[in-house]
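Chemist: Taking our numbering, I'd label the letters of the sequence shown as residues 561 to 1109.
In this text, a Cβ means the ideal position worked out from N, Cα and C, and glycines have one as well.
Keep in mind it's a predicted model, so treat the numbers as computed, not measured.
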Amino acid sequence: MNTVKLTPELRDRTFRWIADDVDADTRAELQQVLARAMGGEADALAELEDRMAGPLEFGTAGMRGPVRAGPNGMNTAVVVRTTAGVARWLVEDGRDGGTVVIGRDARHGSGKFATAAAEVLTAAGFDVRMLPGPLPTPVLAFAVKRFAAVAGIQITASHNPPADNGYKLYDSTAVQIVPPSDARIEAAIAAAPGAVSVPREQGYRTFGDEVLNEYLGKVAALPRGPERELRVAATALHGVGAGPLEAALSRAGFTDVHFVAEQAEPDPDFPTVSFPNPEEPGATDLLLELAEAKDADLAIALDPDADRCALGVRDRDGSWRMLRGDETGVLLGSHVLETGSAPDPLVATTIVSSSMLAEIAKAHGARYRETFTGFKWLARAGDGLVFAYEEALGLCVNPDFVRDKDGIAAATLACGLAASLKAAGKSLVDSLDELAVRHGVYLTDQISVRVTDLSRIGAVMAELRAAPPSSLAGLEVSTEDLLPEADVLRLRGEGLRVIVRPSGTEPKLKAYLEIAEPVADAEALADARRRAADRLAALRSDLSPLLGA
């Protein structure tokens, strides 16, 4: 075995962290890694350096990381110091003594992390109210608005791998935080004392079922139209969404609902999926098998914290497939505008989503806005917001009471749309065809390059900025650099758009591709789709080498 030398600085920093840790298990865990590193084990030293390389970055999406000891992981000590920073930020903003709502999912450590956060805020003088168990993130977002809280904290890593957990923060607007709050909180965390020195008190209150029941009642009222004949196959992907989704659909009148049994109960190990994300290949295989077996009309997949929703449909050849996020977005956006009565409505999506929503909004005389990626921006798109979506399966169909993406609400509204179409002898596929004939074919795709060396992402972005392509897929393109507002490059040509940016949550470089093709009439739709598909393939072929894909 190769031997390596542990520096005194790393050794002493590790000892200090262990002394300040408040959890006996993580103290012992880090002590074992340190002991192995002191014994000269190269693997242990590399692991120790990684664990001590923190702290976890706190940004507008909060923070996420592996559940493990050390500052570069999710553990009680990190949560205590993070919450001390959040408390200081709230006090500096004059919100001391206000209500803070705390929720959690069912991942490893979520219960104790939520309790630790509640105890820190209680000791800091806040009126802390805890949700009664593992619940979807939209329920927490609802509670923050419902109780006019000064902040809300959800312990969740959403659709990250099983080893991870995270910390998501909402401000007094019941929306995820935006700059400069993130930088102020990160500075307050850095200034916080060791976890053992942060005061903690019990005495916070825990809600009963009233918050969930009120939320479910509002979701159940979302479907527009009386039709309820619909057979649904659904999965929660081992997350916390099955019970709330079944209850919401039942209250709304949809009772023919069948869940993937192997994935219905919360399980932090996510045993049937490699990545518990409906977008990942294979994640919805069991769902589509169930939909076929039950001869369902609609398939629904929630991510583990139930803030995202994916829809599955039977295609024209009889096979089942999952809709892309953009397909679901334009279907529900059009449905909201067609059936809504709000004066001067606003719909919004992000710069990486399909441009079709803009055409739909124009046809309905509605306002349309694009924002940077993330619901922290979408939820702030403007007054009169009735619908917002992002292509990564995030849908807000209920901004009146949840100012964030909400998979439960989106699924319930989608059931109403599917039932109305079924009663008329149509399907969601038919509706997509009708939208294409009216507004044109908009095909989207994504190139995602996962890296092990994060510096590679910055290098590729720098190379593209220095020498952007002059043509793609046989068309001249212009390049727009969105720095300093965002690390984004936008390339445009006639009927072509590409957005390139680093992922905000994963070690990936992402490119979002779109091709638009006009459609003369229903008979010309198939040819228009073929032309668009050929152009999209050419675009992908030209762009992939530039990204190192």
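In three-state terms, what does DSSP make of residue 662?
Modeler: strand
Chemist: If the criterion is Cβ atoms closer than 8 Å, does the pair residue 688 and residue 764 meet it?
Modeler: Here residue 688 is near residue 764, since their CB atoms are less than 8 Å apart.
Chemist: Strictly by DSSP, which residues pair up with residue 941?
Modeler: Paired residue(s): none; residue 941 is not in a bridge.
Chemist: Beta-carbon within less than 7 Å of residue 822's beta-carbon, same chain only, minus the 5 sequence neighbours each way: which residues are those?
Modeler: So the qualifying residues of the chain are 832, 846.
Chemist: List in chain order: all unbroken alpha helix (DSSP H) runs of 4+ residues lying wholly within the segment 855 to 897.
Modeler: none
Chemist: Take every Cβ of the segment 967 to 976, pair it with every Cβ of the segment 799 to 815, and state whether three or more of those distances are shorter than 8 Å.
Modeler: Enough Cβ pairs lie closer than 8 Å, so yes.
Chemist: Residues in the same chain with beta-carbon distance under 6 Å from residue 598, minus the five sequence neighbours each way, listed in chain order, please.
Modeler: Here the set comprises 566.
Chemist: What residue does the alpha helix (DSSP H) around residue 775 start on, and which one ends it?
Modeler: 770 to 780
Chemist: Three or more C-beta pairs under 8 Å: does that hold for the segment 1000 to 1018 against the segment 1076 to 1086?
Modeler: yes
Chemist: In whole angstroms, give me the CA-to-CA distance for residue 871 and residue 785.
Modeler: Each residue's alpha carbon lies about 20 Å from the other.
Chemist: Can you tell me whether residue 1105 is helix, strand or coil according to DSSP?
Modeler: helix
Chemist: Whole angstroms is fine: what's the gap from residue 637's alpha carbon to residue 787's?
Modeler: 51 Å
Chemist: Can you check whether the CB of residue 1107 is closer than 8 Å to the CB of residue 989?
Modeler: no
Chemist: Roughly how many whole angstroms lie between the Cα atoms of residue 1042 and residue 906?
Modeler: 24 Å
Chemist: Going by DSSP, which residues form a beta bridge with residue 598?
Modeler: DSSP, once it has assigned bridges, lists no residue as partnering residue 598.
Chemist: Identify the residues that DSSP records as bridge partners of residue 1007: which are they?
Modeler: According to DSSP, residue 1007 bridges with 1071.
Chemist: Which same chain residues end up closer than 6 Å to residue 737 when comparing Cβ atoms and leaving out the 5 residues on each side of it in sequence?
Modeler: 620, 729, 731
Chemist: With a floor of 3 residues, list each beta strand (DSSP E) that falls wholly inside the segment 940 to 973, ordered by position along the chain.
Modeler: 945 to 950, 954 to 956
Chemist: On the DSSP letters alone, give me the boundaries of the alpha helix (DSSP H) that residue 999 sits inside.
Modeler: 988 to 999
Chemist: So what does DSSP say about residue 609, is it helix, strand or coil?
Modeler: helix
Chemist: Can you tell me whether residue 1113 is helix, strand or coil according to DSSP?
Modeler: Residue coverage of the chain in this structure runs from 561 to 1109, which leaves residue 1113 outside it and unanswerable.
Chemist: Can you tell me which of the three DSSP states residue 698 falls into?
Modeler: helix
Chemist: Report buried or exposed for residue 740, applying the criterion of at least 16 other Cβ atoms within 10 angstroms of its Cβ.
Modeler: exposed
Chemist: Buried or exposed, going by whether 16 or more other CB atoms sit within 10 Å of the CB of residue 815?
Modeler: exposed
Chemist: Classify residue 794 as helix, strand or coil using the three-state DSSP reduction.
Modeler: In the structure shown, residue 794 sits in a strand (DSSP, three-state: E or B).
Chemist: Kindly give me the distance between the Cβ atoms of residue 760 and residue 660, rounded to whole angstroms, as I take these residues to be in contact under 8 Å.
Modeler: Between residue 660 and residue 760 the Cβ distance is about 14 Å, and since that is not below 8 Å, they are no contact.
Chemist: Span of the beta strand (DSSP E) holding residue 914?
Modeler: Where residue 914 is concerned, there is no enclosing beta strand (DSSP E), given that its DSSP letter is neither H nor E.
Chemist: For residue 951, count neighbouring Cβ atoms within 10 angstroms of its own Cβ and tell me buried if that reaches 16, exposed if not.
Modeler: buried
Chemist: Give me, in chain order, the residues of the same chain whose beta-carbon lies closer than 6 Å to that of residue 1060; leave out the 5 immediate sequence neighbours on both sides.
Modeler: 1049, 1071.
Chemist: From the DSSP output, in three-state form, read off residue 1018 for me.
Modeler: helix
Chemist: From residue 884 to residue 710, what distance separates their C-alpha atoms?
Modeler: 36 Å
Chemist: Under 8 Å between the Cβ atoms of residue 582 and residue 756?
Modeler: In this structure, the beta-carbon distance from residue 582 to residue 756 falls below 8 Å.
Chemist: With H, G and I counted as helix, E and B as strand and the rest as coil, what does DSSP make of residue 766?
Modeler: strand
Chemist: Taking all protein chains shown into account, do 16 or more other C-beta atoms lie within 10 angstroms of the C-beta of residue 980, making it buried, or fewer, making it exposed?
Modeler: Within a 10 Å sphere around the beta-carbon of residue 980 sit 16 or more other beta-carbons, which makes this residue buried.
Chemist: So residue 835 packs on residue 721, CB below 8 Å; how close in whole Å?
Modeler: 6 Å
Chemist: Between which two residues does the beta strand (DSSP E) carrying residue 1050 extend?
Modeler: From DSSP, the beta strand (DSSP E) with residue 1050 extends over 1049 to 1053.
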